[in-house]
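Engineer:
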Amino acid sequence: MKQANKNSNDEVKTEVALLSLEQSCFNKDWILRSHPQEYIKHFICLICNQIANNPMDIECPQHANMDESLIAGEHCLKLFFEKHNNSCPIQSHSNCQYSRSNAVRKYIGDLTVTCIRQFEQELKTLHETEREGETREVIKCNFQGKLKDLNAHLISECPLNLINCWFKPFGCNYTYHLITNMKLHFDLVTQLLQSMKQEIQSKEKQIIEKDNRIKQMERDFKQDLLKYRADIEMTKKDFNDKEKQILSNHQKTIKSLEEKNAKLTQDYKQLLQKLDDKHKEEEKETNKKEIYQQSTLSSSGTAFDLFRSSSKLLNTFIGHTGCVWSIDYSTFDNSQILCSGSDDKTVSIWDLDTNKHIQSFTGHASDVHCVKFSPYHHNYNCNVVCSSSNDNTIRFWDIKQNQQLRLFNGHAQGVNCIGFSTFNGGHKYGIFSVDFSPLQSNNSNSYKSNNIGVIGGNGYTFCSGSFDKTIRLWDIETTKQLIVFRGHKYWVKSVKYGSNESGIIGGSNTILSGSTDKTVRLWDIRTRQQTQIFNGHTSFVWVVDYSPFVIKNNNEIIGGNVICSGGLDNTIRFWDIRANRNELYIMKGDEKVDNGILLF
Numbered sequence: 016m017k018q019a020n021k022n023s024n025d026e027v028k029t030e031v032a033l034l035s036l037e038q039s040c041f042n043k044d045w046i047l048r049s050h051p052q053e054y055i056k057h058f059i060c061l062i063c064n065q066i067a068n069n070p071m072d073i074e075c076p077q078h079a080n081m082d083e084s085l086i087a088g089e090h091c092l093k094l095f096f097e098k099h100n101n102s103c104p105i106q107s108h109s110n111c112q113y114s115r116s117n118a119v120r121k122y123i124g125d126l127t128v129t130c131i132r133q134f135e136q137e138l139k140t141l142h143e144t145e146r147e148g149e150t151r152e153v154i155k156c157n158f159q160g161k162l163k164d165l166n167a168h169l170i171s172e173c174p175l176n177l178i179n180c181w182f183k184p185f186g187c188n189y190t191y192h193l194i195t196n197m198k199l200h201f202d203l204v205t206q207l208l209q210s211m212k213q214e215i216q217s218k219e220k221q222i223i224e225k226d227n228r229i230k231q232m233e234r235d236f237k238q239d240l241l242k243y244r245a246d247i248e249m250t251k252k253d254f255n256d257k258e259k260q261i262l263s264n265h266q267k268t269i270k271s272l273e274e275k276n277a278k279l280t281q282d283y284k285q286l287l288q289k290l291d292d293k294h295k296e297e298e299k300e301t302n303k304k305e306i307y308q309q310s311t312l313s314s315s316g317t318a319f320d321l322f323r324s325s326s327k328l329l330n331t332f333i334g335h336t337g338c339v340w341s342i343d344y345s346t347f348d349n350s351q352i353l354c355s356g357s358d359d360k361t362v363s364i365w366d367l368d369t370n371k372h373i374q375s376f377t378g379h380a381s382d383v384h385c386v387k388f389s390p391y392h393h394n395y396n397c398n399v400v401c402s403s404s405n406d407n408t409i410r411f412w413d414i415k416q417n418q419q420l421r422l423f424n425g426h427a428q429g430v431n432c433i434g435f436s437t438f439n440g441g442h443k444y445g446i447f448s449v450d451f452s453p454l455q456s457n458n459s460n461s462y463k464s465n466n467i468g469v470i471g472g473n474g475y476t477f478c479s480g481s482f483d484k485t486i487r488l489w490d491i492e493t494t495k496q497l498i499v500f501r502g503h504k505y506w507v508k509s510v511k512y513g514s515n516e517s518g519i520i521g522g523s524n525t526i527l528s529g530s531t532d533k534t535v536r537l538w539d540i541r542t543r544q545q546t547q548i549f550n551g552h553t554s555f556v557w558v559v560d561y562s563p564f565v566i567k568n569n570n571e572i573i574g575g576n577v578i579c580s581g582g583l584d585n586t587i588r589f590w591d592i593r594a595n596r597n598e599l600y601i602m603k604g605d606e607k608v609d610n611g612i613l614l615f
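Using my numbering, you'd call the opening residue of the sequence shown number 16 and step up by one each time.
#1: Quick check on DSSP: helix, strand or coil for LEU85?
#2: Could you pull out every residue in the same chain whose Cβ sits closer than 6 angstroms to the Cβ of THR553, ignoring the five residues on either side in sequence?
#3: How far does the beta strand (DSSP E) with HIS372 in it reach, from first residue to last?
#4: Let's test the definition: count the other Cβ atoms within 10 Å of the Cβ of ASN24 and tell me whether it reaches 16, buried, or not, exposed.
#5: Which term fits VAL556, buried or exposed, when burial requires 16 or more other beta carbons within 10 angstroms of its beta carbon?
#6: Going by DSSP, name the residue or residues bridged to ASN550.
#7: I need the straight-line Cα distance from GLY641 to GLN545, nearest angstrom please.
#8: In the DSSP output, what is THR346 paired with across the bridge?
#9: Taking the Cβ atom as the reference point for each residue, do ILE486 and CYS478 lie within a distance shorter than 8 angstroms?
#10: Which term fits PRO76, buried or exposed, when burial requires 16 or more other beta carbons within 10 angstroms of its beta carbon?
#11: Considering Cα atoms alone, identify which of CYS103, HIS99, ASN80 and ALA79 is closest to ALA87.
#12: Inspect the beta-carbon positions of ILE612 and ILE592 and report whether they are closer than 8 angstroms.
#13: Report yes or no: do the stretch 108-118 and the stretch 55-75 share at least 3 C-beta pairs separated by less than 8 angstroms?
#14: At what residues does the beta strand (DSSP E) containing GLN418 begin and finish?
#15: Take every Cβ of the stretch 419-436, pair it with every Cβ of the stretch 378-393, and state whether three or more of those distances are shorter than 8 angstroms.
#16: Roughly how many angstroms lie between the CA atoms of MET541 and HIS335, to the nearest whole one?
#17: Helix, strand or coil for PRO174, going by three-state DSSP, please let me know.
#18: Can you tell me whether DSSP reads THR127 as helix, strand or coil?
#19: Hey, quick one: how far does the beta strand (DSSP E) through ILE498 stretch, first residue to last?
#20: From THR361, LEU329 and ASP483, pick the residue whose C-alpha is nearest to that of SER341; which is it?
#21: Taking DSSP as the reference, what is the three-state secondary structure of LYS511?
#22: What are the boundary residues of the beta strand (DSSP E) that HIS384 is part of?
#23: For THR493 and LEU422, what's the separation of their Cα atoms in angstroms?
#24: Between which two residues does the beta strand (DSSP E) containing ASP44 stretch?
#25: By Cβ distance, which residues of its chain are closer than 8 angstroms to HIS108, with the 5 residues on each side in sequence left out?
#26: Across which residues does DSSP place GLY356 in a beta bridge pair?
#27: Between the C-alpha atoms of PHE549 and VAL535, what's the straight-line distance to the nearest angstrom?
#28: With a cut-off of 8 angstroms, does the C-beta of PHE332 fall near any C-beta of chain B?
#29: Could you pull the start and end residues of the beta strand (DSSP E) that TYR113 belongs to?
#30: State whether the stretch 88-95 contacts the stretch 123-141, with contact taken as three or more CB pairs (one from each stretch) at a distance under 8 angstroms.
#31: Are three or more beta carbon pairs between the stretch 342-353 and the stretch 392-402 nearer than 8 angstroms?
#32: Do VAL558 and LEU599 have their C-beta atoms within less than 8 angstroms of each other?
#33: Whole angstroms is fine: what's the gap from TYR391's alpha carbon to ILE601's?
#34: Are the beta-carbon atoms of ILE526 and VAL510 separated by less than 8 angstroms?
#35: Grouping DSSP H, G and I as helix and E and B as strand, with all else coil, what is SER404?
#36: At what residues does the beta strand (DSSP E) containing ILE486 begin and finish?
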């Protein structure tokens, strides 16, 4: 058999039964033929329960106190890690620690064993019987040596090396046979050739059938092509006839539309004349109503001048490179000053006496939506302007020093509007306090208590409304955010502080807001809660304010408990805040001319 292995190196392969000496653990029953159980019990792989091949010591600190031997075959351990996500085979935990056990490897390598192929043959032939009329020579291997020498024996010396049959691809599955017994193999080749011949004949028949089908399809295709050509010619003729008919109808339609257009133009001119006459009548009625409303103002009410259609443009200030979103007016050092905010990201200061542009502040990173002069700083002889921007920030600018004074950063989106709490003569007015706003507290539970206290700084506050749907209250001195009001469903477009002088319920502890969610809302600074909501606008609410008028409703003087709001639905609405009443009065604009109420 050795000589046969040398002469047929390309066809014959050596097989190792039951185990691979390079990977799998060793069969325990095979080792027990040469050694007692007590001698090998410390060499058992804890995973497969066989004799460990290339033993590895498990050294995890989680089971360092266990007395038994903790070894595993290297191949078994790798397979266990792959199937159990690197979990320890002893206890379920990660980061299993192990190392090569050289001492145990040496002991196992020195174990005395018999040939593994001889062991396999004895197991297979234990209950087998010879076929009738056939004799088979039994080959036996008498190897007995150390386990570490077995691999060399199996490769080069073992007489039980099996020969892979040359005719295995043709169906031969005999394990024991002589290569010289060729009749069986030739019969196998003959059977395979006969089968291939039958398959070839079957394929040729299929090819002929497919050829016939292809020819029939070609004949059918030619017939269909002739039919489609005839249909195309018929379609072309129908299309030409319909095209001529459509053109004729089109010319008739154009002539009819021209006649209708001339008539509509004439009707439109007549309608414009009627609308102009009606507009003049409505203006007369409006003037009468305004004269009547002015006559009903009480002597304690706030006086105002009606905006006249004869108002003239006094001056134009040019300097911004984008739309101007907001302006404010102030007097300082006997000078009249105007500030403006634009989508060119700048805040500009203008002198109304000289009509000159004084300076610009360029710190915002996006559109400036709102600008206001700070009444708090004005009281201390400092001219400061406050601005809010689409860059989510609010900034205070010192006009004299030409620099940024404060930065308030807390909104999650652009800031639309700002409003300052009432201020007079160096004192901050509240419900219970003269010097400090009652909303502030040093207590750690300030957001859970209504007790009056003081947060660091002088306590003067302002509020802001944002695209992030919130209203936020800020301390000017400390730049801290004091309160966040949430309730609006969309952008907050306008906010106004209440005042004690207005006589409104809640006084300076009230904030009024308007939003693109079409609602007007009132908020109580002391309770940090929404107190009322007014629904009625059919489009965005753009501006809100406390009414300066003395309102009479059914001969009842309402006074300061009236708020007003303007929106893109072209209406100004007056509301009685007592008991959350409905509108007192609605002023409607011209839907065809006006584009909404944006400012008061």
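Glycine included, each C-beta is placed from N, C-alpha and C at the ideal position.
As the structure is a prediction and not an experimental result, all values here were calculated from the model.
Structural biologist: Let me lay it out:
#1: coil
#2: ASP584
#3: 371-376
#4: Note that ASN24 scores 33 on pLDDT, short of 50, meaning its location in the model is unreliable and no value can be drawn from it.
#5: buried
#6: THR534
#7: Residue 641 cannot be examined here, being either before or after the span of the chain that is shown, 16 to 615.
#8: GLN351
#9: yes
#10: exposed
#11: CYS103
#12: no
#13: yes
#14: 418-424
#15: yes
#16: It is worth fixing the name first, because residue 541 is Arg in this sequence and not Met. Each residue's alpha carbon lies about 41 angstroms from the other.
#17: coil
#18: strand
#19: 496-501
#20: THR361
#21: strand
#22: 383-388
#23: 10 angstroms
#24: From DSSP, ASP44 is part of no beta strand (DSSP E) but of the alpha helix (DSSP H) over 43-47.
#25: CYS75, GLN77 and SER102
#26: SER341 and VAL362
#27: 5 angstroms
#28: The displayed structure is made up of one protein chain only, and chain B is not part of it.
#29: 113-115
#30: no
#31: yes
#32: no
#33: 35 angstroms
#34: yes
#35: strand
#36: 485-490
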